[in-house]
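Input: a single structure, listed below in structure tokens.
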């Protein structure tokens, strides 16, 4: 019995150690990757055409899905808020609930989830395929830096497009909440906006856009890193893509939990 307990504890400690080792290793490599992206950007080695291509494929092409997701978030928030309100609470407070919920939380988080699924997974699969087919090694042999050619345009495009997508999601989510409140609980646009203005803080919008900037950096950075780390052919590309999506979602949720104590107090 005692030997079984010892083996179990040892196994758990070994798994914890391996997990910690992998986490620190990934963190170190992503830090070096971020430094390489910054160096390539400030030394003018990044092609503007590549950045524009990534903005088109990762930013502009994401607008329809982000818009639909934001509209549904605003509608659901408005409907559930109206359902839970009682006669003792003024109905116009729903305007503040929907506006704050969408701008502070749902807009940035749902946009990040859309970008992770649509853009982050694609970047990892693309670069992972290039890695296992030795195209990245070919860049090295030609004297070209893969960080400047492949990583930097994607990270720069994420930093530019993500805050814009978050701003669009905020606008559409609040607008959809106004329409849903009118049909769900009979709250007119004037009363809705009155409640939104009553509890509005100008910092809320900056807080939301700041989330977009951080997510716009972290998502492409993780996806590029996991693409560069891909091993093992087509099966390895699948594993790397799955691991990248899981890592991006967990990192995004952790950062989202860190934001309120740092910036809302």
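In the numbering used here, the protein residues as written are 95 to 359. Glycine residues also receive a C-beta, built at the ideal position from the N, C-alpha and C atoms.
Query: Determine the closest residue to residue 152 out of 260, 170, 214, with distance taken between C-alpha atoms.; Result: 214
Query: Hey, how far is the Cα of residue 339 from the Cα of residue 201?; Result: 19 Å
Query: From residue 351 to residue 358, what does the alpha carbon distance come to, in whole angstroms?; Result: 11 Å
Query: Residues in its own chain within less than 7 Å of residue 160 by CB, not counting five upstream and five downstream?; Result: 205, 208, 259, 262, 263
Query: According to DSSP, simplified to helix, strand and coil, what is residue 294?; Result: coil
Query: Take residue 251 as the anchor and find which of 292, 310, 167 has the nearest alpha-carbon.; Result: 310
Query: Assign residue 329 to buried or exposed, taking buried as 16 or more other Cβ atoms, counted over all protein chains shown, within 10 Å of its Cβ.; Result: exposed
Query: Cβ of residue 243 within 9 Å of Cβ of residue 144?; Result: yes
Query: To the nearest angstrom, how far is it from the Cα of residue 267 to the Cα of residue 167?; Result: 6 Å
Query: What residues in its chain sit with their C-beta under 6 Å from that of residue 149, if we drop five residues either side in the sequence?; Result: 251, 255
Query: Which residue marks the beginning of the alpha helix (DSSP H) containing residue 144, and which one marks its end?; Result: 142–148
Query: Find out if the Cβ-Cβ distance for the pair residue 327, residue 226 is shorter than 9 Å.; Result: yes
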